[in-house]
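Undergrad: Here it is, the structure in full.
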């Protein structure tokens with residue numbers, strides 16, 4: 001009888017005791033890659049307005065199946081016993097600097113939601129690292145400063161950044177841990193989110209006490225050479241991974257390439273090392289990685305062909321398809337997606353079997369009004385600004401019309417799964433055959449060529465085409481290296497031209513190697 005009473009008492013006590021509360025960690029972020037040389041600022045409308053507050057279930061449903069950083073937060077929270085609390089997480093397609101009105105509106109709402117949250121044990125900030133605001137050279141640093149100011153020195157704050165971050169000393173001061181993507185193309189985004197959640201759990205439990213150091217070599221690391229699976233960046237990436245794997249005192253190692261199209265004081269590559277309460281180790285290894293970046297400066301000299309040279313090279317190459325990477329109109333770097341320099345050369349040199357995407361809502365509207373099978377005759381592209389070429393007249397017929405939505409089942413740059421380029425018209429250009437058609441895709445929205453399904457979803461067999469124009473830089477390689485016989489980076493003009501000598505920098509640190517004035 002006594003035993004039965006003891007068991008019953010134990011059961012009642014177990015039921016009465018509340019389940020142990022998991023540490024609650026807020027997720028917040030305003031993400032934007034801002035091109036100082038793009039004349040079109042990023043407005044609140046470009047962010048889709050102020051996003052509604054989501055429940056955790058809604059947040060997980062929207063993000064959990066992707067390969068993004070916040071998907072990594074979700075997976076890491078499940079793995080390491082955290083309860084996420086979503087507040088405001090938003091992003092916009094790269095463009096010019098963010099307007100002050102957009103930043104202040106989003107920032108105010110973010111802080112409002114963070115302060116209204118139940119008791120928080122930590123904050124995860126999903127930021128790009130190259131956000132320029134009209135009123136701040138680093139929107140990321142200003143955002144982090146305000147969050148730190150609101151929650152004080154004892155709140156664990158971890159920031160995740162894109163590989164193209166222009167990391168500032170201020171953000172190192174105001175965060176406990178900063179982690180950047182290791183890979184470019186960015187195929188490790190989810191991994192970095194998991195890593196951030198793991199470190200957060202260790203901080204909250206008191207098992208680890210992070211200290212971090214930033215070192216920036218005095219250079220621009222040109223975007224042409226920021227492919228982390230190729231020389232000269234590959235050994236540096238490998239060393240960052242080795243340090244994390246072999247030294248338990250090292251919590252995170254980040255080597256970012258920087259973003260050369262932001263005219264800001266801290267533009268350029270960065271080495272950040274986070275250790276468990278060992279500032280000397282962090283300083284020493286960050287300095288060594290920075291020195292590794294500096295030691296490659298003689299290997300990052302530009303030799304890319306012009307649009308005319310690149311088209312000729314592609315036509316003479318025996319294999320197919322050949323990808324021409326339109327570096328000057330890198331949509332992921334903040335360009336309009338309507339540059340015509342390569343299109344002009346394709347027409348001039350009578351190239352056959354090419355495919356190109358141009359963001360031109362007005363031209364799409366003409367094609368839609370004409371209808372499938374009907375003639376098309378219009379000057380396309382080159383309508384956003386004077387830096388990306390003049391409109392090129394195209395004659396042909398409307399081959400097909402599409403909604404412009406597609407899915408990428410594999411892990412590609414940035415971790416995105418569902419994509420949209422807006423309503424799309426495929427124009428079969430006159431002078432080409434059914435067997436080797438010249439196809440121009442006219443879209444209503446800009447969309448980076450990070451998935452081959454951007455083309456395939458429109459009924460185009462990419463393996464049969466001779467030339468595919470890709471408006472990007474390194475990002476398209478994750479999708480296109482397995483498919484293309486050859487990829488040729490093109491030194492095309494535009495807001496993301498690869499040679500910094502094309503731009504007038506006013507705010508970068510003086511004496512940077514690689515700025516184009518050596």
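Residue numbers (this note's numbering): 1 to 518.
Each residue gets a CB set at the ideal place from its N, CA and C atoms; glycine is no exception.
All values reported here derive from a predicted model rather than from experimental measurement.
Buried or exposed: residue 504, going by 16 or more other Cβ atoms within 10 Å of its Cβ?
TA: As a position in the chain shown, residue 504 is number 504, starting the count at 1. Exposed is the call here.
Undergrad: Out of curiosity, what's the CA-to-CA distance linking residue 393 and residue 348?
TA: As a working note, residue 393 is residue 393 in the chain shown. As a working note, residue 348 is residue 348 in the chain shown. Their backbone Cα atoms lie some 12 Å apart in a straight line.
Undergrad: Determine the DSSP secondary structure at residue 67, reduced to helix, strand or coil.
TA: To locate residue 67, count along the chain shown from 1; it is residue 67. In the structure shown, residue 67 sits in coil (DSSP, three-state: anything other than H, G, I, E or B).
Undergrad: What residue does the alpha helix (DSSP H) around residue 20 start on, and which one ends it?
TA: The residue labelled residue 20 in the question sits at position 20 within the chain shown. First-last for residue 20: undefined, no H or E at that position.
Undergrad: Quick one: what does DSSP say residue 131 is sitting in, helix, strand or coil?
TA: Along the chain shown, one-based indexing puts residue 131 at 131. DSSP places residue 131 in coil when its eight states are reduced to three.
Undergrad: Taking just the CA atoms, how far does residue 219 sit from residue 512?
TA: Position 512 of the chain shown, counting from 1, holds the residue named residue 512. Position 219 of the chain shown, counting from 1, holds the residue named residue 219. Cα to Cα, residue 512 sits roughly 5 Å from residue 219.
Undergrad: Quick check: what's the CA-CA separation for residue 286 versus residue 272?
TA: Reading the chain shown from its first residue, position 286 is the one you call residue 286. Reading the chain shown from its first residue, position 272 is the one you call residue 272. The straight-line gap from Cα to Cα measures roughly 6 Å.
Undergrad: If I'm right that residue 142 touches residue 133 with Cβ under 8 Å, what's the distance once you round it to whole angstroms?
TA: The sequence position of residue 142 within the chain shown is 142, counting from 1. The sequence position of residue 133 within the chain shown is 133, counting from 1. About 7 Å; that satisfies the 8 Å criterion.
Undergrad: What are the start and end residues of the alpha helix (DSSP H) that includes residue 143?
TA: Locating residue 143 in the chain shown gives position 143, where the first residue counts as 1. Taken as a continuous stretch (DSSP letters only), the alpha helix (DSSP H) holding residue 143 covers 139-151.
Undergrad: Looking only at its chain, what residues have a beta carbon closer than 7 Å to the beta carbon of residue 184, apart from the 5 residues adjacent to it on each side?
TA: Within the chain shown, numbered from 1, the residue matching residue 184 stands at position 184. Here the set comprises 163, 226, 227, 228, 257, 474.
Undergrad: In three-state DSSP terms, what is residue 169?
TA: Translated into the one-based positions of the chain shown, residue 169 becomes position 169. Helix, per DSSP.
Undergrad: In three-state DSSP terms, what is residue 508?
TA: Residue mapping note: residue 508 aligns to position 508 of the chain shown, counting from 1. Coil, per DSSP.
Undergrad: With distances taken from CA atoms, which of 311, 251, 310 is nearest residue 197?
TA: Mapped onto the chain shown, residue 197 falls at position 197. With distances taken between Cα atoms, residue 197 lies closest to 251.
Undergrad: Across which residues does DSSP place residue 375 in a beta bridge pair?
TA: Counting from one through the chain shown, the residue named residue 375 turns up at place 375. Answer by DSSP bridge pairing, in chain order: 397.
Undergrad: Within the same chain, show all residues whose beta-carbon is closer than 6 Å to that of residue 437, passing over the 5 residues directly before and after it, in chain order.
TA: To locate residue 437, count along the chain shown from 1; it is residue 437. Closer than 6 Å at the Cβ level, and outside the excluded window around residue 437, lie 428.
Undergrad: May I ask which residues mark the beginning and end of the alpha helix (DSSP H) holding residue 240?
TA: To locate residue 240, count along the chain shown from 1; it is residue 240. Segment 234-246, the alpha helix (DSSP H) holding residue 240.
Undergrad: Got a sec, what are the start and stop residues for the beta strand (DSSP E) residue 191 sits in?
TA: The residue you call residue 191 lines up with position 191 of the chain shown. Careful: residue 191 lies outside any beta strand (DSSP E), inside the alpha helix (DSSP H) at 189-205.
Undergrad: Reducing DSSP to helix, strand and coil, say where residue 515 ends up.
TA: Residue mapping note: residue 515 aligns to position 515 of the chain shown, counting from 1. Coil.
Undergrad: Please identify the residue among 244, 113, 76 whose C-alpha is closest to the C-alpha of residue 523.
TA: No information on residue 523 is available, as it lies outside the stretch 1 to 518 that the chain covers here.
Undergrad: Could you give the first and the last residue of the continuous alpha helix (DSSP H) run that contains residue 290?
TA: By one-based count along the chain shown, residue 290 stands at place 290. Segment 279-295, the alpha helix (DSSP H) holding residue 290.
Undergrad: List the DSSP bridge partners of residue 419.
TA: Walking along the chain shown from the start, residue 419 turns up at place 419. According to DSSP, which records beta bridges pairwise, residue 419 is partnered with 406.
Undergrad: Please report how far the alpha carbon of residue 87 lies from the alpha carbon of residue 27, in whole angstroms.
TA: The residue you call residue 87 lines up with position 87 of the chain shown. The residue you call residue 27 lines up with position 27 of the chain shown. Approximately 6 Å between the Cα atoms of the pair.
Undergrad: Applying the 10 Å Cβ sphere with the 16-neighbour rule, what's the burial state of residue 350?
TA: The residue labelled residue 350 in the question sits at position 350 within the chain shown. Flag for residue 350 reads exposed.
Undergrad: Counting C-beta neighbours from all protein chains within 10 Å, is the total for residue 8 16 or more, i.e. buried, or is it exposed?
TA: Numbered from its first residue, the chain shown carries residue 8 at position 8. Residue placement at residue 8 is poorly supported in this model, since its pLDDT is 36, which falls under 50; the coordinates are not used for a value here.
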